[in-house]
Each structure stands twice: as C-alpha cells, then as structure tokens.
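Chains as they are written, first to last, in the numbering used here: chain A, 1 to 815; chain B, 816 to 1630.
This is the structure we're talking about:
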C-alpha cells in the first residue's frame, strides 16, 4: 500500500477505476466526459487488462441512446458494464436507465455533470443533467475533486456489484473532470482485494443464458405491475449500508475515509450549508477561514444523493444548527425549490425532532454552466444566514437585477493555503499553451513533493480562441476549486491581448509578468503597452520579462508553436525546480508527447527549449510608468447591444453582465461577429488583381465571411488608397464598374480555404503574414465602408451570383 | 352558451380543444394518447377548421423525439403547435422540452399519463412519465376526468399563449383518456371569445422571419449562461396568476370554476389528502361518505402542479388540518419521498406558519400501472391518519408482504350515487363487445337526461383477449372513476368464461345476468354451468337470461360478430329506454359505424338487431340451484409458479397476488403460455393426412406454436385413439417412423396462417369450427404427451429442420 502519487484530471481518475472493473463499456463520447471514453478506448486498444485479466470491450454506438441500450443488453448477458456521458447524452439514456434499474442490473455510469441546452446550449458544468435522471431508480454518488473521482468511482463499482442497484457516479464537468490535481492512485491489485467476487459470480450466473433460459422485460397489466414494482424496495433499503461498507473497504486500501454524508466544520455550528460537488472544497476553505474568525459554521457534503438517507444526513448535522442553506447547482423553473433543497426540507419534516430547534431552511442556486463559485461567494452564503431577513431561493455568483434574487458578494477573500504559488497563462487556442501547462503541472506534481493543481479555461472558439491556464502548487494540500484570482505569476502569450483583456487583473504586488512579444526593449514596451498596464506594472512593482518566442519558434521551424519557449521561460522565472532539472523534464515530456510524430518534430521542440532562455529579457521599466495615462479604448460602438453586451463579453468581462442584459428567450441579434475584429490569424490572404478571374469562389468558400467582392463606380473610387487596387468588372451588366476582392484581415482565421479553392491558373490569393497585410487592408476596408455603395439592384436583377453581394461590410443587424 | 352535452372519452375531449387552437400538431401516437393524434389527423383530413380558419397541419414523425423536434421548429416559426404523447414517448421528448421551455415557446403537450417500462413494460396509467419531465421548465396542469380534460385543455392553451411558458396538460392514461362520460362540450365560437388574440399575434411577430432576422439557440460560456438562465424568472412568477385568469375566462363560457388548487370537503377538516388525477373524483365520493358519518376530512386537488405555488395551496388548506397525506401516483426508488409529497413538505416548511399547528405529513403511493383506486382504498388512506402510529411512505391497493408498506384495505364501500345503474359485460377481444358498449353508453348519454359513464378494461392480448366493459348511468352526476364493483346487470358474451372467471362477482341481489351461449334451456344450463355459478344465481335471486347470439350472427352472415344481438338484448333487459327507441338508436349507430363498409354490412347488422329478441330466453332455474355443489377446478398444476402465480392471473385474480409473488427484477420462467389452454379460436385447422407433403411449413408459420409435427415408432402408436391418424414419414433417416401433424386446438387463435401457407396442391390444413375438433385433438394431444418420445437425436443428426422438433408439447421450463 505504498503511496503512488500522480498528477491527473478527474476524468482520468474515474476512468482508471472504471477500466479495472468493466468487461464492457458502450460509449458515445460527449464533452466534458469524452476523456473517459477515449482513455478507455485507448487502453483497450493497447491491450491493457482489467481485473478480470481481459481487455475491456469498447463499443462506440450511434448515439447515447444506443450506448445506453448496449449497456442494458451487455448487463443482461452478465458482463460488468459501464458508460461515460454528460448532459444531452445522459438525457438520451433516461429510458434505458429505467430499464437497467428496473431489472436491478449493476451498471455504473460515470458522468461529468454538465448543463442542459435551454435558452442556449452550454458545454460547461452544473448538475442539470444528473438531476434530470434522479427519478430513474439509479443510485447517485457525487465526487468533489479528482481524488474523490477515483475513490468514489471505486465505491460506486463496489456498491453496484453488492447491491445490484445501478450507480451514477458524477462530478462537476470541467471543474473536476478537467482539473488536474496531484492525487494518490489506487493500484489495481489493491482494488482486487476489496471486490466481492462472489457477488460478481452471482451476477454472471443470473445472466441470460440458453443453457438455463428465462424471460425478462415482459409487459404487465394493472393486476400485477404495481406489486412487482414494489418488489425492489429491499434492494434500495440496503444501499446506504452497502455504500458505507464499500467506503470502509476503500478506506482499508487508501486510508481515505468517506461517509454518505460528510460534515466539515465546527461541531457546534449555528449555520450549515448542504451541497454537492466541487463547491464543497471551496466551502471547506471558507469554513476554516470563518471559524478562525470566531464564527460557527460548517458544511454537509452530500455524497450519496440517491438513495437519500434522511437519517444519515441528520446524523452528521450539528444539533446546534439554527439555519441551513441548501445549495443546488441546477435550476428547475416552476419548482417550489431545487431538488436537494426539497430533499433536505423533507428530511427535517420527517426527522426534525433530532435537532434542538427546527432550523430555518434556505435555498440557493449557484454555478450554472460552470459559473465560478469563489470563496467570496461562499462567504456571502454564510453571511446571508446572519441577517434578520435572509434571502431565500437566492442565486449567488451573478447580479440578478430583474428578480433581485442574487446575493451581494463582497470583496475576494484569500483562503488559498499560505505558501501556494499561483500562476495564470493567457494563450491562443492551438498555440500549445494549454498542452504545455498540462505538462508543466505534471512535471511539478510528479517530480517534487509539492501538491499541484491545473485548470484550463477556454472559450468555445477552439482553435484561434482564448485560453487561460490556472496553475497552483505548494506544500499544502489544495482544495481551491476556483480560478486563480491572486496570481504570483502571469504570462501573456499573445501580444495583442494587452489591448484586449485586463491581463494583469489580480496579480500580487511584486509578482512576475512574462509577455511573449517581439517588443524586446523598454522603448518598444513604452510604445506598445496601454497606459493602464504600464501603471499596474509599476504600481505593483512587478518583475517584467519579455520572451520573443515567435522568433525562436520560427527559427527552429515550429511556425507559431511557441509553447516550448514560453514553458521554459516559466520554469526559469518560477524557480520551482532547478532550471536544469526542469529543462530535462520538459525534454522528456516532449519525447513522450511528440515521439510518435518522429524525430524531426521532437528535435525542433528540443531546439526551441535550448534557445528559449536566450530570448528571455527582463524589461527594466521606469518608475514613471506608475503615472501613465489611460490609453483610450480603440472601440467606438454606437449600437448599445454591441457596446453593453458584446464588447464586455469579448473583453472577458461577461461575468459582470447582469441578468437584464439578456433576452429571456436567448434571442440575440445577427452579425455581431463583425464587431469583433480578432486579428488572430497568423497568415491572411493577399489578392493579386492580375490573376483574378472574378469567379468569387473565394468569397463563397470563406467560413468566416472575411472575403468579399466589391463593385465600385469610378466616382466612388476617388481618393482611394493606393493599395485599393481594382480591375474592370467582367460582364456586360457590370460595364463601367470596377471590381475588387476585399480581405477582412482582422476577421480572417487564416484557414487558407480561399486560396485552396481559387481556380485561376495561378492562384489569385496567396497566404501572407498578417503583419504584412493588416494596415493596408484595414485602411482599404475603411475606405470601402465610407465611400462605396452596396449595389443591391445588381443582385436584384439577377446579374450577380448570391455571394457577390457587393456588400463592403457584414452589417450588424441591430438589437 | 346553450349546454351542449356529448358522451365522449378524455382523449376526445382534450383533442377537441387542442384542434381549435393549433396551427400544427407534430405527432407520433403512443398508447394511451393515440386517440388524440388519430382524431386530430382525421379531422384535418376531413378539412375541419381550427379557430384560425385553417385545417391543422398534422405531421407524423419517425418517433416522439422527432415529433418534439418538429414541435420546437414549428413554434420557432410562429405556429401554435401541440403534440399528444405518453410514457416512453414523453421521455424521448425531454431534450426538446428543455429547449422549448428555455426559449419560452407556448407549446401545449397533451399527455395521457402512463407508466414507464422498468422491471416490465406497462401500457397503463400512472404519473411516472410526467414526473420524469417535471424539471424541464414546462408548466403542468392536471385534469381528473373527461370534462376537465376538455376544460383544462383550454386553460392550458390560453395560459401558454398568455405566459409564453409551454404547458403539459395531463390526465390519467386509460382511466381518464379512455373513460367515456357524458360531458358538456365547449363550442369553438365560445373559445374564440376568450383567446388573447393580441398575444397570439405577438407570438407570431416574434417568430423567426427572414424579413426581420434574429438568432436563437446559441452556445453560451460560463461568463453569461447563468445570468441568461435566470432571465426567465418573471415569466414563471406570473404563471399562477395567468392560469387563474384563464380559469376565470373558461368559467365565463362554461360556468365551471377551477383554481390551481381546489379544496373539497369539510372546511374544518382535521385530515386532508393532497392528490392529482382521477383518484380525486373517487376521493370526493369518499369525503362525502365519511363526512356524512361525522368525520372531518377533505381533499386538495392539485391542478397546477408546475409552477407549484405553495401560497395558493395553503390558501385552500383548512387551517384546522392536523394530518395531511400526499398521494403520488408514481415511484422513484431511492428518493426520500415521491415528488408531490416533497413539494408539500417544502410548502409547509416555507409557509407552515399559516396553519394552526404544523401538521403531521404522510406520503403514499397508489395506482401504478392503472392499479385500481377504489373508495375502500381512499377510506383506508383517511383511516390511516386516525391511528396513533400511521404508516408513512405506504402503498395502497396491493398487499406488500415484503417491505410491509401497504395499508390494510377494508371491505368495499358503496359511494356511487343512489339510483345509478351499473353494468358489466365480459367479452372476447374483437367480438365487438367493447365497440357495442361504447355505442350503448353514447346512446344513453346522448338521448336521455341521464349521466353516463363507460370504461373498458382490456388485457394486452388484444384480438382474442379478455375484455370487461363497465357501464354506469343515472340521474346523478358520476364521479366514480373505478371499475363497477356492485353490478345491477352482468352480461357474459363468451360461454367458456363461466368456467374461467368469477363472472358474477359483485352482482347485486335481484340483478340481471345475461349469458350468450347455445345453451337455451334450463337443462342445458344445469349441465353446463359450474355449481358455484348456479348457487350465486339462485342465492342472489338473479334474473337469468340466455341469448344465442352466435346462432343469429351466423344466420345473418356476421360470423362471430355477436355484438348487435347482445346489445339489443341488453337494451331490452336494462329497460333504460323504450325498446323501440333503443332499437332505432342502435340502427342509427350501425349506419354511422358501418356505413363506409357498404350496404351489405349495414344490412347484416340491422338484421341481427331485428332477430335478437327472438333469441333471448329467460332461464327459469330451480330453487335447488342454491344448494349446488362446487364444480372442481379443471386445473391440476404441479408447478407452484403456475399454480400460485400464472393461474390466478389467468383467472383475473392477479390483483390478489402479494409483492412476494414476483421476482424483483421482473424475471419470469419460459413457456407458461402452454398452461393457458384458452380455447378462444372459433375455427381451428384440421389436418388431412392424405394431402400432406410433410414440409412442416404449417408448424413454422404458426405464431402460437400450436401446430407441431410428430414422429412416432410403431410401438409408441399402440393404443392410439382412432383419430390419431399417422402416415409413413418421408426420408431415409426417418424410415420406419410414422408422421403426423398435431393441432393444439386449445392454444390456436384461429388465424389460419397454417392453412394459408400450406403449399400442397390441395391444402392439407382446412379451418373447421373448434367444437368439431376440440375433443379429438385434446385426446390426441394427451396420447402424444403420454406415449410418444421426443426424437431429439434426429434433430441432432441434422436430419430434420429446426421446426420439426417432434416435441409433443411446448414444455414449461419451470420456475
């Protein structure tokens, strides 16, 4: 039982156990559960053995409905069977969940809980999906962090085998499924010791088998259905005791103890929160923080949500409690209260005589669609219980200026263990920042005695989108399941971000700021950085470094993959490991990650690492930066929807928008992309007028509508910039007009589809570095916008193809 | 606003309103909601106009998932849209329900609530399906009987239009959807007056439209999803007031008043039940019954289940209440309590200060899969509240000898209004009994000033199965939503039933018994009827009639369609209308029902009516029948599963089986059909050995395995009955063996597939009346069973085709 620590995410932790105890996994991967299915598939393909000495049979079906049907069929034939899903995927499994539970088959579903599509889709985490399945007859067991995702995954499998009741083991999508933590891995041989193999054999013996046939899944009439439906009661009655026993067996091999309900806090608490999921870790930090200040608070962590044992919950509830707040990470419009709250109300109605006074019971909603749940929010929940007329059915984490349900949240409080180093990295989707940071946190976790945690916030633009990596490490165990809000180190891997985002928000006094840019001198910086940023750098006494990673990456042949350079610079500056050791670990990680792509790729990355430190420069800024004046915003939006809603969202300030900013039905105006001007392409097309045959296929092919044909009269062209080249338009209806292909360089994503599709003998579009194109195209666009009319009548007369809209700007249709 | 009464079922009542207020209905009919979709389809095909002056566009999709998707799309394009579904169908709609509610689209789903498949499938009624959708954000409105199915369907449509919140209007599958009652129909022109046409226009104006485009169904990130999800709150907050207003508008055209929660009973009740659905009508009868005896009880009928207004519920709850029992018609294994109970607990926790004392709260489950809920059961629920330690989380309507949760139910109590005539008709599926009884109850309802009610209990064997029609009529309004348990009149339309079922159970003293048989004299009856039945007839002083309907039907060319004869006999004996008037109404109904099949069919049915009364004979039985001895059972089952489970179910005594009789996983042994020996075929095949080519296709074609080839040795044939004809088996491996096709006449359903498939030049199988075949085939079968071995070795050697199993009996595989 030697401790075996490893740095991994919650999905990997759960999949590790699921693989051990499954004969079959029928899957249909869906975000954020995909990693589990994909890992199991990979392990199976590599021939990894489960505890039965076989590779797990992985079957990917046509949808989650099919996966659930296959799980049912597999179980009926006596195979221990699991699946991994979330959100809409779990909804599609509901009909089969009733069947699986109804036939008392020991399935285990591992669910990285996710929001459901309602007014809008969300791929992020909350409990709407598991709550939509709570009535199916499955047992539900909740993990709060990656360590628990491993430990309670095992409890779920053991309990399903012992009870014959299927289990849904769930944890917060992204916050737990994708958070990387250093955890203790349970060895397969230890798992073997705690499985009730007799029950496994009994399950197999009862399977459908032509040697001893039986019939299931019959139709029953009113005379007998009800009686038979009640026959399962003893099985459910026994589940809590079976789970307690399974938890004890897991403790026997791990030393970590769990109960169906765990209490944390003051044994004489007057205020208690009841909750499930990753918020519990946050709450523990805040409970310690408040109790250290003389308050008396605590938290009941619900692990076994179904079957819900009122008795077991009240056993851990302090008898001194006066107010209980139940937090639900779901919303059921029209319900009297969310499900966990109603359960707790019912529990007190049935067993309230066990506590001194019937407590005041309050309900709150939080964290929908991965909305952050921070220590300050947790404190607001405890504070609400102190006031004479506390808010009930409140929300926390947003500003509800419509129904006024939201709690006022105070200033951030610092509850992260002292000595923890906290870092943030701003990257561009597919620039390698996230991958490198995953390696970095694993290097730290797996090669030091420090605890480590990594979380990676994306937007949904994927490649070319926005990423922030949040890393923490230190000697203390980490429970901080929220984004880094007090950073010791911030890296910005994309220079244009300095104008777009408040990159240095939350950096500590004396912290380190690493910028990746081609601005290598203090003069460059003085010219390029906005005044606000210069002021923060100086006032907070930051150590300011630049690394010209793009240059190094280009030199070694890696194009825009700057991650190895920035990662090496981080290890140099963070000083968490001796830099030579760190470099060796990075190189080992490169060999592991890129090995299958061949030596050339490996060597280029290694070369990037070797050249990284040369490219790192400290920027010795003047004290005068502390007085720098604000650089005015580059945006002058006249439309209020753009100014008040779109622009804050683009600046990563969407969290500050109140409820009233949104249409309740989820309706949004069209064409808002046009205001974004992201400028994230590395290469954009240049139009060569001499080669163009005016087919406009480039315009049709562009997935971002960033290439448009323009038709201008001679008059309109007066005063055009020199670069605004035009040619005579072809076709007799267009006689006298001038033709041009206008590239929207800032809207381009650099995919190159336009150039690929160009049918001209010599391509009329060629991809060129953005910086060589940007200024001219922006000027050209401005000229077209202001001077050239849209020739709708030509379209109306059918002269032009649909794509030749002759529309100089993708217009914003208005709110 | 002249009263327009019509006799119809709940499905028709709801469809009547749905058709008026829908532009589009996307459907995928499923039991027991099919009638709604089918009627709407029929009305549309006939060109019937909705209130917008158009025929409703009906689209049948590939599944309920597709129907829900089409509903969503249709709503988004500005069409008032509805669907009709139940059970698994509703489960498939859940993902789209979240979207429809999330986008605040005024859909109305009409759901005839049905059980879900768990340990077994059930096509019957309870609330499991709607409870599985309660979290979607739909509003839920419950009707308790066919009149309410019409009235509240209108409330649902009006409220959806006004609130923009989608509504699920539901009522009990079968008990309400298929119960025929005389109700008051709301005229379309009256509906027109109460629709908020401005809101309809507003809804259409907000639809997706290329003239004023917008975008919906976006993806949102953690920054804004939560805020937007909360933006719907004001809409839900307003729903209760909107529903109250809609109820008032409906009252203005109907005179019938409803509230979101309606109270019925003693205004100073100490015991109150909270429930939804058809049980409420039963409970009203029992409340009157108990209060008449000096008790103080009442019932809160939940109509608006979501949004659930605790305040509105407590407004109608007597302040004197001491104990509340919440009845849920669903089961959620592992939950602390079923959903309505948890809502009521929460309501009291939040607003309990409004009543004098915090009441004791109890929970009960009832009626799963259409399990009967009778006045005696309702009384047991009220009685349970009187004892010092009442059962909580009880079941009522079954005997739970496993977890002992069931309430003891006392003797039946009579709560049907005095003067009500109650009738029961036992029929064979597809003999026309149910159809004729539907006509009969409509004739009574639509042509007299009496109230009328009809309910039709089926087993799931459909054609050839067992049916019981339950009819009530009388001067008083009928609330008796349960089977007839005190009959004035019982008809048995199938002679063999006298041995199979306790046909006369519950008949009143002096009641009338009408048998359809060829036994026309008292001597025939004395010979054929079991002693128990003779004793009941005599001891209860029944008026006993026989009608030889089969003879009449055969004479007029109707084959086995005996329904017109028995219906005429019923009207003669029931004396509810002057018989000549009744005969005219029957003939009018014949023209309506069979008109499209042509004059010949109409005339045959009319001839049957004209000859019916001649075939009716009173049987003047001797007083000595009162002392008749029991006729012993014809069954001698050695297997305990057959004797203790299957046999009671086949005898329609399945309600008496306790929970312990059933495997909790729904597993049953194979081959139990073999013990049934239903003998329901009118014609069965006769094998002609001289024509047979021994291909055994007849055996393969038989869907009931009622035809088997037999191979016998000469030795085995010793002592065979004369009718046990055999021929030399063909093929050299079978040399020396004798071949025969054995018909299992009692298992045959008379479909004729065997004869159809016979490829011999002259058919070797010809359908002959059962009575000409039965005795010989039963004797032959008995001989084969006792004397002829199974020649498995021939199968093993591959000599015989799979179907030639040479197995004299479909063996029962044992429990």
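Think of the CB as a built atom: it goes at the ideal place given N, C-alpha and C, for glycine as much as any other residue.
* Asked: So, do the region 1481-1490 of chain B and the region 1228-1236 of chain B have three or more beta carbon pairs nearer to each other than 8 Å?
  -> In short, these stretches do not touch, since the Cβ pair count stays below three.
* **CA-to-CA distance, residue 1331 (chain B) to residue 1402 (chain B), given in whole angstroms** => For the purposes of this step, residue 1402 (chain B) is taken as the residue at position 587 of the second chain. For the purposes of this step, residue 1331 (chain B) is taken as the residue at position 516 of the second chain. Residue 1331 (chain B) has its alpha-carbon roughly 21 Å from the corresponding atom of residue 1402 (chain B).
* To do: Taking only beta-carbon positions, decide if residue 377 (chain A) is within less than 8 Å of chain B.
  => On the first chain, residue 377 (chain A) is found 377 positions in, with the first residue counted as 1. So no, residue 377 (chain A) is outside the interface.
* Just the chain A side, please: which residues come within less than 8 Å of residue 1161 (chain B) by C-beta, in chain order? => As a working mapping, residue 1161 (chain B) is identified with position 346 in the second chain. For the C-beta of residue 1161 (chain B), the chain A residues within less than 8 Å are, from N- to C-terminus, 336, 337, 341, 342, 345, 346.
* Anyone know if the C-beta pair for residue 1501 (chain B) and residue 1295 (chain B) falls short of 8 Å? -> Here residue 1501 (chain B) refers to the residue found at position 686 of the second chain. Here residue 1295 (chain B) refers to the residue found at position 480 of the second chain. Taking 8 Å as the Cβ cut-off, residue 1501 (chain B) and residue 1295 (chain B) do not qualify as a contacting pair.
* Asked: Would you say residue 459 (chain A) faces chain B, with C-beta separation under 8 Å as the test?
  -> Walking along the first chain from the start, residue 459 (chain A) turns up at place 459. Interface residue, yes.
* Across which residues does DSSP place residue 868 (chain A) in a beta bridge pair? -> Since the displayed chain A opens at 1 and closes at 815, residue 868 (chain A) lies outside it and no answer follows.
* When Cβ atoms are compared, which residues of the region 208-228 of chain A fall closer than 8 Å to chain B? -> The region 208-228 of chain A vs chain B, Cβ under 8 Å: 213, 214, 215, 216, 217, 218, 219, 220, 221, 222, 223, 224, 225, 226, 227, 228.
* **Within chain B, the residues that residue 310 (chain A) reaches when beta carbons sit closer than 7 Å** => Reading the first chain from its first residue, position 310 is the one you call residue 310 (chain A). Within 7 Å Cβ-Cβ: 1151.
* To do: Kindly indicate which residue of B:1406, B:1598, B:838, B:949 has the alpha-carbon position closest to the one of residue 335 (chain A).
  => As a position in the first chain, residue 335 (chain A) is number 335, starting the count at 1. With respect to the C-alpha of residue 335 (chain A), the residue from B:1406, B:1598, B:838, B:949 having the closest C-alpha is B:949.
* Does the beta carbon of residue 428 (chain A) come closer than 8 Å to any beta carbon on chain B? -> Mapped onto the first chain, residue 428 (chain A) falls at position 428. Not closer than 8 Å to any Cβ of chain B, the Cβ of residue 428 (chain A) fails to qualify, so no.
* **DSSP beta-bridge partners of residue 323 (chain A)** => Walking along the first chain from the start, residue 323 (chain A) turns up at place 323. Under DSSP, residue 323 (chain A) forms a beta bridge with A:271, A:360.
* To do: Would you tell me roughly how many angstroms separate the C-alpha atoms of residue 1612 (chain B) and residue 1545 (chain B), rounded to the nearest one?
  => Within the second chain, numbered from 1, the residue matching residue 1612 (chain B) stands at position 797. Within the second chain, numbered from 1, the residue matching residue 1545 (chain B) stands at position 730. Unreliable positioning characterises residue 1612 (chain B) in this predicted model, as indicated by a pLDDT of 43, which lies under 50. A coordinate reading is not provided.
* What residues in the region 1385-1400 of chain B have a beta carbon less than 7 Å from any beta carbon of chain C? -> Of the protein chains in this structure, namely A and B, none is chain C.
* To do: Grab me the residues of residue 1191 (chain B)'s own chain with a C-beta within less than 8 Å of its C-beta, minus the 5 sequence neighbours each way, in chain order.
  => Translated into positions along the second chain, residue 1191 (chain B) becomes position 376. Listed in chain order, the non-local C-beta contacts of residue 1191 (chain B) below 8 Å within the same chain comprise 1224, 1225, 1226, 1227, 1228, local neighbours out to five positions each way being set aside.
* Do residue 932 (chain B) and residue 985 (chain B) come within 8 Å of each other at the CB atom, strictly closer than that value? -> Indexing the second chain from 1 puts residue 985 (chain B) at position 170. Indexing the second chain from 1 puts residue 932 (chain B) at position 117. No, they are not a contact pair.
* Asked: With 8 Å set as the bound, which would you pick, yes or no: does the beta-carbon of residue 1164 (chain B) sit closer than that to a beta-carbon of chain A?
  -> In the second chain, residue 1164 (chain B) corresponds to position 349, counting from 1. Taking Cβ atoms only, chain A reaches closer than 8 Å to residue 1164 (chain B), which makes this a yes.
* Would a C-beta distance cut-off of 8 Å place residue 951 (chain B) and residue 924 (chain B) closer than the cut-off? -> Walking along the second chain from the start, residue 951 (chain B) turns up at place 136. Walking along the second chain from the start, residue 924 (chain B) turns up at place 109. No; because the gap between Cβ atoms is not below 8 Å, this pair is not in contact.
* Asked: If you follow the beta strand (DSSP E) that residue 300 (chain A) is part of, which residue opens it and which one closes it?
  -> Here the question's residue 300 (chain A) lines up with position 300 in the first chain. Per DSSP, residue 300 (chain A) belongs to the beta strand (DSSP E) from 297-302.
* Asked: Do the region 328-348 of chain A and the region 1002-1020 of chain B make contact, defined as three or more Cβ pairs closer than 8 Å?
  -> Output reads no: the region 1002-1020 of chain B does not touch the region 328-348 of chain A.
* **Sub-8 Å separation of residue 1427 (chain B) and residue 1367 (chain B) beta-carbons** => Sequence index remark: in the second chain, residue 1427 (chain B) carries index 612 (1-based). Sequence index remark: in the second chain, residue 1367 (chain B) carries index 552 (1-based). Judged by their CB atoms, residue 1427 (chain B) and residue 1367 (chain B) are nearer to each other than the 8 Å cut-off.
* Segment contact, 8 Å Cβ cut-off, at least three pairs: the region 644-659 of chain A with the region 721-735 of chain A -> With a cut-off of 8 Å, the region 721-735 of chain A and the region 644-659 of chain A do not count as touching, because too few Cβ pairs lie within range.
* If we count Cβ pairs, one from each stretch, closer than 8 Å, do we get three or more for the region 490-505 of chain A versus the region 157-167 of chain A? -> Taking 8 Å as the limit for Cβ pairs, the verdict is that the region 157-167 of chain A does not touch the region 490-505 of chain A.
* With a Cβ-Cβ cutoff of 8 Å, do residue 425 (chain A) and residue 451 (chain A) count as a contact? -> Counting from 1 along the first chain, the entry for residue 425 (chain A) is found at position 425. Counting from 1 along the first chain, the entry for residue 451 (chain A) is found at position 451. Not a contact, by the Cβ cut-off of 8 Å.
* Beta carbon of residue 983 (chain B) nearer than 8 Å to that of residue 664 (chain A) -> For the purposes of this step, residue 983 (chain B) is taken as residue 168 along the second chain, with counting starting at 1. For the purposes of this step, residue 664 (chain A) is taken as residue 664 along the first chain, with counting starting at 1. Not a contact, by the Cβ cut-off of 8 Å.
* Asked: Roughly how many angstroms separate the alpha carbons of residue 291 (chain A) and residue 373 (chain A), rounded to a whole number?
  -> Position 291 of the first chain, counting from 1, holds the residue named residue 291 (chain A). Position 373 of the first chain, counting from 1, holds the residue named residue 373 (chain A). Per the coordinates, the alpha-carbon of residue 291 (chain A) lies some 20 Å from the alpha-carbon of residue 373 (chain A).
* Of all the CB atoms in chain B, is at least one closer than 8 Å to the CB of residue 131 (chain A)? -> Here residue 131 (chain A) refers to the residue found at position 131 when the first chain is read from its first residue. Residue 131 (chain A) counts as touching chain B.
* Asked: Can you find a C-beta in chain B that's less than 8 Å from the C-beta of residue 829 (chain A)?
  -> Residue 829 (chain A) falls outside the range modelled here, since chain A spans only 1 to 815, and no answer is possible.
* Asked: Along chain B, in chain order, which residues have C-beta atoms closer than 8 Å to that of residue 403 (chain A)?
  -> Within the first chain, residue 403 (chain A) is the residue found at index 403, counting from 1. In chain order: 1045, 1048, 1049, 1052.
* Consider the Cβ of residue 14 (chain A): report whether some Cβ of chain B lies at a distance smaller than 8 Å. => Mapped onto the first chain, residue 14 (chain A) falls at position 14. It does not; no Cβ of chain B falls within 8 Å.
* Under the DSSP definition of a beta bridge, which residues are partnered with residue 1331 (chain B)? -> For this step, residue 1331 (chain B) is matched to residue 516 along the second chain. According to DSSP, residue 1331 (chain B) bridges with B:1362.
* Contact with chain A by residue 939 (chain B), beta-carbon distance below 8 Å -> One-based indexing of the second chain puts residue 939 (chain B) at position 124. Yes, because at least one Cβ of chain A sits closer than 8 Å to the Cβ of residue 939 (chain B).
* Asked: Which residue from A:48, A:49, A:105, A:528 puts its Cα closest to that of residue 74 (chain A)?
  -> Numbered from 1 along the first chain, position 74 holds the residue referred to as residue 74 (chain A). The shortest C-alpha separation from residue 74 (chain A) is found at A:105.
* Asked: According to DSSP, is residue 1236 (chain B) helix, strand or coil?
  -> Within the second chain, numbered from 1, the residue matching residue 1236 (chain B) stands at position 421. Here residue 1236 (chain B) sits in strand by DSSP.
* To do: Count the other CB atoms, across all protein chains shown, that sit within 10 Å of the CB of residue 265 (chain A); report buried if there are 16 or more and exposed otherwise.
  => Locating residue 265 (chain A) in the first chain gives position 265, counting from the first residue. Under the 10 Å beta carbon count, residue 265 (chain A) is surrounded by 16 or more other beta carbons and is classified as buried.
* Taking 8 Å as the cut-off, decide whether the C-beta atoms of residue 238 (chain A) and residue 163 (chain A) are in contact. => Counting from 1 along the first chain, the entry for residue 238 (chain A) is found at position 238. Counting from 1 along the first chain, the entry for residue 163 (chain A) is found at position 163. In this structure, residue 163 (chain A) lies closer than 8 Å to residue 238 (chain A) by Cβ.
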